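Participant:
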Amino acid sequence: MTLGIGHAFSSFIWLCGPITGLVVQPCVGIWSDKCTSRFGRRRPFILAGSLMICLAVILIGFSADIGYVLGDTHEHCRTFKGTRTRAALVFILGFWMLDLANNTVQGPARALLADLSGPDQRNVANAIFCSWMAVGNILGYSSGASGKWNKWFPFLTTRACCEACGNLKAAFLVAVVFLTLCTLVTLYFADEVPLTTASQHHHLSDSSPLLDEQQQNGVDFSKLKPLSVMDESNSKRTENHIEKDTELKHGNFKAGEDHAENVMDGPGAVLVNLLTSLRHLPPAMHSVLVVMALTWLSWFPFFLFDTDWMGREVYHGDPKGDTSEVDLYDQGVREGAFGLLLNSVVLGISSFFIEPMCKWMGAKLVWALSNFIVFVCMAGTAIISLISVRDYSGGIEHIIGANEGIKMASLVVFVLLGFPLAITYSVPFAVTAELTADSGGGQGLAIGVLNLAIVVPQMIISLGSGPWDALFGGGNIPAFVLASVCALAGAVIATLKLPDLSSSSFQSTGFHIG
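Quick note, the sequence shown lines up with residues 1 to 514 if you use full-length UniProt numbering.
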């Protein structure tokens, strides 16, 4: 927004996330499963994705300077309030590349965790994974909550890049150092066994699942009888001819099979496979998909506008206003980052309590409870916004008590949302794993279908939330009201329609990060 992108269109930038999540992550998962690199199956993708992340955040952090060099206005960033088109385009390019890189890393990282831990260690391993993720979130949001990066590294602020932009640059550069260190540790200590071509699981065609391996390879050896009526020389020549013919057929089949697998592993084929698999899901999975979609419809408005909400509705700043309004907006954004830090702490702690809760209450009620908490919190954000805007319009915005009360209430919302977020990252995947344990498509495919119920709502919010807010005069209140309605509907449907699962079903599933 400081580059001139309007609030109504800012959500469009997030559209890359669901697109890459829909296509890239399943494809990368399949490609890493079949990777025969001598460095292992997962580590090459983790390395490539990490390098892309470093490049992407550098593009984002230096977008204002790059736009300045490419011909954007030379007016100082403190006084210019228009749109810096070239800088915005560079920012969007880096942001989309960041989404692509994140999806490239996430799948292989989770798969590497599963490769290195046995079934008995899955819960502990995933809890540790969640803990490290929470540590990363805390460090990241701490960097965003600090407004002193530009003072510690004053050379990062330029004519095109003011204080907020300098803070972003420094935080990203420090993050690159942390990411490089963590990637090197993973690459060095994760001792993968390379996958050889011979050890790959042989795929049988779905159209002929009952054919044995010899028939699938293009020849039925059971029909090759000894030619006892021939003399010895003719017998040898005939056997050699049969062997060569068999090898030729086998080679031609393998070449055709490799080509077919390459086609079936393409992005379009993966997406078609996910969509067609909807017909073969267990009946209870349709209720899971509906509740999952409503759950994420309630989450994404908050993910998109949480810090903007703090800057606009709570602190009454404006990224395009005068100097004091810009400072208030930046202060609100930093306070929102501090709220996300607290949210991450609660998320990390809550991850260890979800399994006992599911054993005690059942996964169905735990999921419904999380949606109800989101409903209360999203309704709370709308109420806080209305009170804050009313007080500001009434000219009492400088009353310390009321202002501080609004700020504290906002941070409480961030804290409370950490608990249902931990549930959202784990319980739906556990329910899916239980319901599809005996299905023929495999759990990987079932999780891929569940991912559709995440990315489609994200596309809807990315395309519609900005115009929806603009329809009611701007601000974030309309999106939060819609989110609260979706959360309440998700809680009701989860209570009424989700199946009752055994209390032990959650034990072997662990936590999943979406």
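By construction, the Cβ of each residue, glycine as well, lies at the ideal position given by its N, Cα and C atoms.
Computed from a predicted model, the values in this text were never measured in an experiment.
#1: Expressed to the nearest angstrom, what Euclidean distance is found between the alpha-carbon atoms of W299 and A293?
#2: Which whole-angstrom value describes the C-beta separation of N167 and W149, a residue pair presumed to lie in contact below a C-beta threshold of 8 Å?
#3: The ligand GDP and V413: does any heavy atom of the ligand fall closer than 7 Å to the residue's C-beta?
#4: Tell me the DSSP secondary structure of S426 in three-state form.
#5: Could you check what DSSP says for L281 in three-state terms: helix, strand or coil?
#6: Report yes if the CB atom of I354 is closer than 8 Å to the CB atom of V427, and no otherwise.
#7: Apart from the five residues just before and just after A160, which ones in its own chain have a Cβ nearer than 6 Å to its Cβ?
#8: What whole-angstrom Cβ distance do A87 and R42 have, given they're in contact under 8 Å?
#9: How far does the alpha helix (DSSP H) with L332 in it extend, from its first residue to its last?
#10: Using beta carbons (cut-off 8 Å, strictly below), is V376 in contact with chain D?
#11: Grab the span of the alpha helix (DSSP H) containing D33 for me, first residue to last.
#12: Nearest-angstrom Cα distance between C486 and S324?
#13: Rounded to whole angstroms, what's the CA-CA distance from I383 to W468? Just pull it up for me.
#14: Which of the three DSSP states, helix, strand or coil, is assigned to A363?
#15: Alpha carbon to alpha carbon, how far is H286 from T20?
#16: Which of the three DSSP states is assigned to E117 in this structure?
#17: What's the gap between the Cα of S462 and the Cα of F12?
#18: Would DSSP call L70 helix, strand or coil?
#19: Using the beta-carbon count (16 or more within 10 Å), is C130 buried or exposed?
#20: What separation, rounded to the nearest whole angstrom, lies between the Cα atoms of C377 and G464?
#21: Quick one: using the 10 Å Cβ neighbour count with 16 as the cut-off for buried, is F82 buried or exposed?
#22: Do you know whose CA, among I423, L187, G348 and L341, lies nearest W132's CA?
#23: CA-CA distance, S142 and A337?
#24: Distance check for L386 and L416, CA to CA, integer angstroms please.
#25: Grab the span of the alpha helix (DSSP H) containing L173 for me, first residue to last.
#26: Please go through the same chain and pick out, in chain order, the residues whose beta-carbon is closer than 6 Å to the beta-carbon of C162, but skip the five residues on each side of it.
#27: Please report the distance separating the alpha-carbon of P194 from that of L450.
#28: My assumption, with CB atoms under 8 Å, is that V105 sits in contact with G49. Please give the rounded CB distance.
#29: Over the uninterrupted alpha helix (DSSP H) stretch that includes I58, give me the two end residues.
#30: Beta-carbon separation of F80 and K169 under 8 Å?
#31: Does F414 come out as helix, strand or coil in the three-state DSSP assignment?
#32: Whole angstroms are fine: how far does the CA of I373 sit from the CA of S350?
#33: Let's see if you can read the secondary structure: which residues bound the alpha helix (DSSP H) around P478?
#34: Can you tell which of N371, P499 and M459 has its C-alpha closest to the C-alpha of G490?
#35: Quick one: what does DSSP say Y315 is sitting in, helix, strand or coil?
Facilitator: This is what the structure holds:
#1: 10 Å
#2: 4 Å
#3: Annotation note on the ligand GDP: not contained in the displayed structure, which lists no ligands.
#4: coil
#5: coil
#6: yes
#7: A64, D65, Y68 and C77
#8: Actually they do not touch by this definition, with Cβ atoms about 36 Å apart.
#9: According to the sequence provided, residue 332 is Gly. The question's Leu does not apply to it. That run of the alpha helix (DSSP H) goes T323 to S350.
#10: Absence of chain D from the displayed structure is noted, only one protein chain being present.
#11: C16 to D33
#12: 36 Å
#13: 18 Å
#14: helix
#15: 24 Å
#16: The residue you asked about is not Glu; residue 117 is Ser in the sequence shown. Reduced to three states, the DSSP call for S117 is coil.
#17: 5 Å
#18: helix
#19: buried
#20: 21 Å
#21: This sequence places Gly at residue 82; Phe is not what is there. G82 should be labelled exposed.
#22: G348
#23: 7 Å
#24: 20 Å
#25: E163 to F189
#26: C77 and R78
#27: 30 Å
#28: 4 Å
#29: R43 to G61
#30: no
#31: helix
#32: 14 Å
#33: I477 to K497
#34: N371
#35: coil
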